[in-house]
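Notes to accompany the following structure.
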Amino acid sequence: MKKRLLSIAAIMALLIAPAMSQKSFYDFTVETIDGQQFNFADLKGKKVMIVNTASKCGNTPQYKDLELLNKAYKNKLVIIGFPANNFMNQEPGSNADIKEFCDSKYGVTFPMMSKISVKGDDMHPLYKWLTSKASNGVLDSEVSWNFQKYLIDENGKLVGFLKPAVKPLSDEVVNWVTKGQFTQAK
């Protein structure tokens, strides 16, 4: 009987351990573009859109629509920009350069974080979580280009992602923000 209980306990430990080691979206703390700590636990109860950004990309004008989306739905949605230089050197500047660009060219008021890597050997831990089903519990993905958008619900669960060409004010985004409806495109 004692052996059987130990076996059951060992099996339960194996089943529970992966779930316990899995980091929640709300466990992440990142650095803002100004060098301050930004704790995702403060986002509980809000939808979140994580976007990898770049200043010298054909998609860079999406900053304008991201800002319009931010202003229209700031009580329901938090947009967070992560500058990244992973695609054809399209974000070569420093954090100060990026901040100046976002402020002067697009009047960005949504939170911008420090420049990170969104793919490769130096991928930021947040993006490892966003792109790995083993971590996020929902799906595997790969960041294909600048301005890919990851959607997180009010409970910190990954809902899906939108390819870079999907505009921030698209029906897909607005329906998700306003009605909670989202279907992951294949």
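Counting from -6, one number per residue, gives the positions in the sequence shown under our numbering. A virtual CB, placed ideally from N, CA and C, is assigned to each residue, including glycine.
Positions of the alpha helix (DSSP H) runs, each at least 4 residues long and wholly inside the stretch 26 to 103, are given as 55 to 66, 88 to 94 in order along the chain. With respect to Leu162, Leu70 sits apart: the two C-beta atoms are not nearer than 8 Å. Residue Ala77 holds the alpha-carbon nearest to the alpha-carbon of Met116 among Ala77, Phe154, Asp90.
Judged by DSSP secondary structure, Tyr120 falls outside any beta strand (DSSP E) and instead within the alpha helix (DSSP H) spanning 118 to 124. Only residues of its own chain outside the window of five on either side were considered, and among them Phe33, Ala34 have a CB closer than 8 Å to the CB of Asp20, listed in chain order.
Taking C-beta atoms under 8 Å as the contact rule, Met42 and Lys142 qualify, at a distance of about 5 Å. Just so you know, the alpha carbons of Ser48 and Lys172 end up roughly 31 Å apart. Under the DSSP assignment, Lys142 falls in the beta strand (DSSP E) whose first and last residues are 142 to 145.
Under the DSSP definition of a beta bridge, Phe154 partners with Tyr143. Taking the Cα of Gly38 as reference, the smallest distance to any Cα among Met106, Tyr66, Glu147 is reached at Glu147. Put simply, the backbone Cα of Gly113 is about 31 Å away from that of Gly100. Three or more beta-carbon pairs drawn from the stretch 48 to 59 and the stretch 77 to 86 are found closer than 8 Å, and the two stretches are therefore classed as touching.
Cys95 and Tyr56 do touch by the CB rule: their CB atoms are close to 7 Å apart, below 8 Å.
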